[in-house]
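Notes follow the structure.
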Amino acid sequence: MLGTGILKGLLVTAKNFTGSYHDPKRMVTVEYPEQKTVLPENYRNFPFLVSESADDPMGTLRCVACQICEKECPPQCIIIEKSKDKKPDAAGKQQFYPAIFSIDTSVCMSCQICVEVCPFDSIKMDKVFEIAATDRFQDLLLTRDRLAKSNSYYHQIHPEEAAEVDGRLAAERKIAEEKAKAAAAAKAAAAKPAASVNPASAPAAPAPKTPPPAA
Amino acid sequence: MSAVPFLERAPIELRDWFVQLLPGPLQWLTHHLITVVAILAVFGLFFAFTTVAERKLLGRLQNRLGPNRAGVPKFSILPWHLRHKLWGLTQPFADAVKALTKEDIVPTAADKVLHFLAPVIIVGFSLMGFAVLPFGRLLIPVELDAALLYFFAAGAATELAIFMAGWSSHNKYSLLAAMRALAQLISYELPLILSVVPIILVTGTLSTSAIVHAQGFWTFGLLPHWFVFTPWGAAGFVIFLVAALAESNRSPFDLPEAESELIAGHLTEYSGFKYALFFMAEYFGLTALSGLGVTLFLGGWQAPCAFLEFIPSYLWFMGKLVGMIMFFIWVRGTLLRLRIDQLTRLSWKFLVPLALLNLGNAAFWVLSAHWAGPLQLVRWAVSLAVIVIPFVVMGRSITTGYGPRSYRYAP
Amino acid sequence: MTLALILIAVLMLGSAATAMLLRNLIHSALLLILSWAGVAAFYLWAGAEFVAFAQVLVYVGAISMVVLFAVLLTRQNRIVDVLIEPATKARALAGLFVGAGMAALLSVAVCYTKFPALADAAPQTSVKEIGLVLMRQHGGALLIVGVILTVALLGATILAATEAKRQPEDKP
Chain R
1 MLGTGILKGL
11 LVTAKNFTGS
21 YHDPKRMVTV
31 EYPEQKTVLP
41 ENYRNFPFLV
51 SESADDPMGT
61 LRCVACQICE
71 KECPPQCIII
81 EKSKDKKPDA
91 AGKQQFYPAI
101 FSIDTSVCMS
111 CQICVEVCPF
121 DSIKMDKVFE
131 IAATDRFQDL
141 LLTRDRLAKS
151 NSYYHQIHPE
161 EAAEVDGRLA
171 AERKIAEEKA
181 KAAAAAKAAA
191 AKPAASVNPA
201 SAPAAPAPKT
211 PPPAA
Chain D
216 MSAVPFLERA
226 PIELRDWFVQ
236 LLPGPLQWLT
246 HHLITVVAIL
256 AVFGLFFAFT
266 TVAERKLLGR
276 LQNRLGPNRA
286 GVPKFSILPW
296 HLRHKLWGLT
306 QPFADAVKAL
316 TKEDIVPTAA
326 DKVLHFLAPV
336 IIVGFSLMGF
346 AVLPFGRLLI
356 PVELDAALLY
366 FFAAGAATEL
376 AIFMAGWSSH
386 NKYSLLAAMR
396 ALAQLISYEL
406 PLILSVVPII
416 LVTGTLSTSA
426 IVHAQGFWTF
436 GLLPHWFVFT
446 PWGAAGFVIF
456 LVAALAESNR
466 SPFDLPEAES
476 ELIAGHLTEY
486 SGFKYALFFM
496 AEYFGLTALS
506 GLGVTLFLGG
516 WQAPCAFLEF
526 IPSYLWFMGK
536 LVGMIMFFIW
546 VRGTLLRLRI
556 DQLTRLSWKF
566 LVPLALLNLG
576 NAAFWVLSAH
586 WAGPLQLVRW
596 AVSLAVIVIP
606 FVVMGRSITT
616 GYGPRSYRYA
626 P
Chain W
627 MTLALILIAV
637 LMLGSAATAM
647 LLRNLIHSAL
657 LLILSWAGVA
667 AFYLWAGAEF
677 VAFAQVLVYV
687 GAISMVVLFA
697 VLLTRQNRIV
707 DVLIEPATKA
717 RALAGLFVGA
727 GMAALLSVAV
737 CYTKFPALAD
747 AAPQTSVKEI
757 GLVLMRQHGG
767 ALLIVGVILT
777 VALLGATILA
787 ATEAKRQPED
797 KP
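Protein chains in written order, with the working numbering: chain R, 1 to 215; chain D, 216 to 626; chain W, 627 to 798.
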């Protein structure tokens, strides 16, 4: 009969109206900025640099200024200057570090290529989007001190990814340790007959301790 | 006058007291000026809160919140600032400031005089319709013998203003949209007036206050004798609702001013305050038509039960008016927009024949008023049959060939 | 009271005269509508409310639409201004002659007719009495007018309805 469709429609909107007061499914508004939606884990916005310890984010960067991400970045928004000296990294090896590491967020398109090519797991995607600034040139160019964030922060924003990265790094370090131990043992074994010949040769330096995973 | 309770007479006595303070020659002028200013103030505020109520209500109907951020601005001379957003109820005042401060752009080739006059005329004639609505037992601005005819005459002149708006913009799309708006308005004037004629037949008068008085009886003190509770009155009310929606260019008949139709139709070349005036005229027209519907069908200022008469009559009128407007907003949030050929077909092929049949139905009702006892049931049955059967038959004939759509590539 | 009558007369006659003198056809139509509204004001001044509202409803509400639609739907694409100067001198003289003759006739008719003066105030008729008079004494005239209007409406409907058969809509 003519009009039944209209009445059914009126009932649907009436249900919407009454449901919007008590049923969360029928009120989808999130009143930003007082309330915020929960971002999914894989959400990404701009990159940040991972550093091992929270107390000294600038000093314990994983980045070794290999400049691969600078070369691979499609809009060329990463600016890196290698340092002149070397510093020990988390595994104790002497590595270069980035004296200048800046990302121009007005150019960055969040493509994640820098993350995919980094061999040291030192640059990861951040979730921060409230970085609006009044000056296009200075405030949107994020320098090293704004980009360096700790590994515990990384665990906070991407827990699964961070756990996976940490596991992998720990496994690699373990393998490297075993190799170094085996090499040291082989060297010691090779040096022992030599030591019986030449007692003045000093044994190899002891293997370094594995640092704890969470800084 | 003393038999009438105090709350009912309070506005009238207030006005008379104030008029008495003034010298003789000014008294007539002040008397009517106070009435006009009171109507403008009350219905101006009503318009403002209708806009915000509509936005919030539409939001809730669409699973979202309406505007709730407009609070009170920070006045730098005050030491404190009210931080509460007042649930967005000051939104209309913010919108008014926005409309007033926008640049008023008039196209160079436009007809300047007509372009300026169109919003003025439409608001003026929409407001003139309020003069014959009985807002309360003693609150009718002008007591006219031919009140209904006056109301429809005022509404007819607004159509002219829409044509002027479309033509003076010197924009062929505005003109086309103005012609379509005119076609819609003319098509729906006929069902509007025809749905009101049965009331005139039954009460024998064109005066709105007499029509309200004719609905003032209660069966057993509980069931009101409003005309909407009779078969011909219910049919007339439904036709009146549809025609009122179309006459005020409101969804689902808002083809003239929809954004996807020729931008804004006849309002394309209007900006700033003139645009706000057109919207004001549309809402005033809607409020006046709702007020007329309340007066003619829903018993005006009559209370629904005899013991509820202690609540003042103007509050009942306002309550019913608010209820009707809420219903119109509900319909707006539910129904889809009609195309111009669909709405003209609806009017001429469906509503006009039904309204004419309803007229015959009301005539039968009047002629059989003296039937007694079980014949009353026969009277009601025949009256209902005269409405329901043609509705079903004509509904079938107008919807032949339109079934649920089948999409070739939809899953 | 006389001031009101003079103002209404100035409005009515002034707008009608200006409507004849303007070049733009739409402006002329709108000024003509203003003069009809002036006629309604005159009826109100004379105390005939029903006729005044009927005048607004019919003339300003409906006949104005007819005039405007006719003007807009039958003219060429661009707005062509109407020529108001007479084409030849002979036509101008003929126009002047006819106009003067009409003015003389009308003024003689108005000035030399004896209008009967009412002793007391004008009778107050209610809408109910108007309705009864229309239905009883002038019922025949009302029926004939109704028949004419119905025939006109049917003719318009038939003229509009005999168009080429519509193509069936493409079925999906």
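Where a beta carbon is used, it is the ideal one built from N, C-alpha and C, also for glycine. No experiment lies behind these values; they were computed from the predicted model shown.
Check: By DSSP, does residue 141 (chain R) sit in helix, in strand, or in coil?; Outcome: strand
Check: Name the two residues that bound the continuous alpha helix (DSSP H) containing residue 489 (chain D).; Outcome: 488 to 511
Check: Please list the segments of the alpha helix (DSSP H) lying wholly inside the region 124 to 176 of chain R, counting only runs of 4 or more residues, in order along the chain.; Outcome: 144 to 147 and 151 to 157
Check: Taking Cβ positions, are residue 651 (chain W) and residue 697 (chain W) nearer each other than 8 Å?; Outcome: yes
Check: In this structure, what does DSSP give as the bridge partners for residue 104 (chain R)?; Outcome: R:141
Check: Residue 216 (chain R) lies in the beta strand (DSSP E); which residues open and close that run?; Outcome: Since the first residue of chain R shown is 1 and the last is 215, residue 216 (chain R) is not available in this structure.
Check: Would you kindly check if the distance between the Cβ of residue 494 (chain D) and the Cβ of residue 451 (chain D) is under 8 Å?; Outcome: no
Check: Taking 8 Å as the CB-CB cut-off, is residue 361 (chain D) touching chain W?; Outcome: yes
Check: Does any C-beta atom of chain D lie closer than 8 Å to the C-beta of residue 58 (chain R)?; Outcome: no
Check: Assuming residue 223 (chain D) and residue 353 (chain D) are in contact, meaning their beta carbons sit under 8 Å apart, how far apart are those beta carbons, in whole angstroms?; Outcome: 6 Å
Check: Quick check on residue 668 (chain W): buried or exposed, where buried means 16 or more other Cβ atoms within 10 Å of its Cβ?; Outcome: buried
Check: Give a yes or no on whether 8 Å exceeds the smallest Cβ distance from residue 29 (chain R) to chain D.; Outcome: yes
Check: Flag residue 559 (chain D) as yes if its beta-carbon sits less than 8 Å from any beta-carbon of chain W, otherwise no.; Outcome: no
Check: What in chain R is Cβ-close to residue 607 (chain D), meaning under 7 Å?; Outcome: 1
Check: If the cut is a Cβ gap below 8 Å, which residues of chain R does residue 615 (chain D) touch?; Outcome: Those within 8 Å of residue 615 (chain D) in chain R number zero; the least Cβ separation is about 11 Å.
Check: Please state whether the Cβ-Cβ distance between residue 281 (chain D) and residue 273 (chain D) is less than 8 Å.; Outcome: yes
Check: Residue 310 (chain D) to residue 266 (chain D), Cα distance in whole Å?; Outcome: 10 Å
Check: Can you grab the Cα-Cα spacing for the pair residue 645 (chain W) / residue 664 (chain W), in whole Å?; Outcome: 14 Å
Check: I'd like the list of long-range same chain contacts for residue 594 (chain D), defined as Cβ closer than 6 Å, with 5 residues on each side in sequence excluded.; Outcome: 583 and 586
Check: In chain order, which alpha helix (DSSP H) runs of at least 4 residues are fully inside the region 26 to 55 of chain R?; Outcome: none
Check: Do three or more CB pairs link the region 310 to 324 of chain D to the region 339 to 346 of chain D at distances below 8 Å?; Outcome: no
Check: Determine the direct distance from the alpha carbon of residue 48 (chain R) to that of residue 148 (chain R), and round the result to whole angstroms.; Outcome: 6 Å
Check: Answer with buried or exposed for residue 296 (chain D), where buried requires no fewer than 16 other C-beta atoms within 10 angstroms of its C-beta.; Outcome: exposed
Check: Could you tell me whether the Cβ of residue 9 (chain R) comes closer than 8 Å to any Cβ of chain D?; Outcome: yes
Check: Please look up how many angstroms separate the CB atoms of residue 69 (chain R) and residue 117 (chain R), rounded, as I've assumed it's under 8 Å.; Outcome: 6 Å
Check: At a CB-CB cut-off below 8 Å, which residues of chain W make contact with residue 365 (chain D)?; Outcome: 675 and 679
Check: Whole angstroms is fine: what's the gap from residue 393 (chain D)'s alpha carbon to residue 330 (chain D)'s?; Outcome: 13 Å
Check: So is residue 210 (chain R) buried or exposed if we call it buried at 16+ other beta carbons inside 10 Å?; Outcome: Its pLDDT being 46, under 50, residue 210 (chain R) is placed unreliably by the model, and the measurement read from it follows with that caveat. By the 10 Å Cβ count, residue 210 (chain R) comes out exposed.
Check: Could you have a look at residue 473 (chain D) and say whether DSSP puts it in helix, strand or coil?; Outcome: coil
Check: Name the DSSP bridge partner or partners of residue 98 (chain R)?; Outcome: R:82
Check: Are the C-beta atoms of residue 278 (chain D) and some chain R residue less than 8 Å apart?; Outcome: yes
Check: Taking the DSSP output, what are the residues bridged to residue 438 (chain D)?; Outcome: D:434
Check: Shorter than 8 Å from the beta carbon of residue 37 (chain R) to some beta carbon of chain D?; Outcome: no
Check: Measure the Cβ-Cβ separation of residue 454 (chain D) and residue 561 (chain D) and say whether it is below 8 Å.; Outcome: no
Check: Measuring straight from C-alpha to C-alpha, what distance separates residue 509 (chain D) and residue 763 (chain W)?; Outcome: 36 Å
Check: With three or more beta-carbon pairs closer than 8 Å as the criterion, would you say the region 100 to 108 of chain R touches the region 1 to 17 of chain R?; Outcome: no
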